[in-house]
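Asker: Pasting a structure below so you can have a look.
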Amino acid sequence: MGPTTFRRQSIRVSVVIISVVVYFVLYFRIYESGTGLAKNVLVGLLVGLLTATVIQTWRLAVVVRSDGLLVRNSWRDQFLRWDDIQGIDHERGRMQRVSILMTDGRVVPCDAMRGWATRDEPHAKALVQAVTERLAAREQQAG
Numbered sequence: 004m005g006p007t008t009f010r011r012q013s014i015r016v017s018v019v020i021i022s023v024v025v026y027f028v029l030y031f032r033i034y035e036s037g038t039g040l041a042k043n044v045l046v047g048l049l050v051g052l053l054t055a056t057v058i059q060t061w062r063l064a065v066v067v068r069s070d071g072l073l074v075r076n077s078w079r080d081q082f083l084r085w086d087d088i089q090g091i092d093h094e095r096g097r098m099q100r101v102s103i104l105m106t107d108g109r110v111v112p113c114d115a116m117r118g119w120a121t122r123d124e125p126h127a128k129a130l131v132q133a134v135t136e137r138l139a140a141r142e143q144q145a146g
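See below:
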């Protein structure tokens, strides 16, 4: 079985749309008030900041692999071996959160699965089911 990637598509689309709107609003504000080099530097910083935001959001994912989980959060990737994973927690409410529970007591948040429960819950449920099935299969092999 190959790797399966879980991510929320809604956050990706939202960030791109918001970034484009913010770019045009701030660009025209800078264009009106800036002069020469200052205008160019501010626009360059704006483009860099929005590009970094889109890239960091675009990469958010949880990848279920045969040897463990790859949790791709905003600024850090973490590889978690199946032997080190105790379980998975799915908090529901207006905002949902999914976290991986480790055998050493750590809790690894999955930024890719944080969001509005109404739209993104199916993605979180699929991830929880995949991890739970994988952990159950590992326990059956060990037992």
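For the sequence shown, my numbering assigns the number 4 to the initial residue and increments by one for each residue that follows. Glycine residues also receive a C-beta, built at the ideal position from the N, C-alpha and C atoms. Keep in mind that this is a model prediction, so the values were computed, not measured.
Where does L40 land, buried or exposed, given buried means 16+ other C-beta within 10 angstroms?
Answerer: exposed
Asker: V66 and M116 - do their beta-carbons sit closer together than 8 Å?
Answerer: For M116 and V66, no; Cβs fall outside 8 Å.
Asker: Going by C-alpha distance, which of Y26, L73 and A133 is nearest H93?
Answerer: A133
Asker: What is the DSSP secondary structure of T60, counted as helix, strand or coil?
Answerer: helix
Asker: Apart from the five residues on each side of it in sequence, which residues of its chain come closer than 7 Å, Cβ to Cβ, to V18?
Answerer: T56, V57 and T60
Asker: What residue does the beta strand (DSSP E) around R32 start on, and which one ends it?
Answerer: Taken as a continuous stretch (DSSP letters only), R32 belongs to no beta strand (DSSP E), being part of the alpha helix (DSSP H) at Q12 to S36.
Asker: When you compare only the Cα positions, how much space is there between E142 and R79?
Answerer: 29 Å
Asker: At the level of alpha carbons, what is the spacing between G108 and Q89?
Answerer: Cα-Cα distance, rounded: 9 Å.
Asker: Return the chain-ordered list of same chain residues with a C-beta closer than 7 Å to the C-beta of L29, the five sequence neighbours on each side being excluded.
Answerer: L49
Asker: Leaving out five residues on either side along the sequence, give the residues of the same chain with a beta carbon under 6 Å from the beta carbon of R84.
Answerer: G71
Asker: Is the beta carbon of P112 within less than 7 Å of some heavy atom of the ligand GDP?
Answerer: Annotation note on the ligand GDP: not contained in the displayed structure, which lists no ligands.
Asker: For the beta strand (DSSP E) containing G160, name the first residue and the last one.
Answerer: Since the first residue of the chain shown is 4 and the last is 146, residue 160 is not available in this structure.
Asker: For P6, does the three-state DSSP call read helix, strand or coil?
Answerer: coil
Asker: When you compare the CB positions of Q99 and E124, do they come within less than 8 Å of one another, or not?
Answerer: yes
Asker: Please confirm whether H126 and F27 have their CB atoms less than 8 Å apart.
Answerer: no
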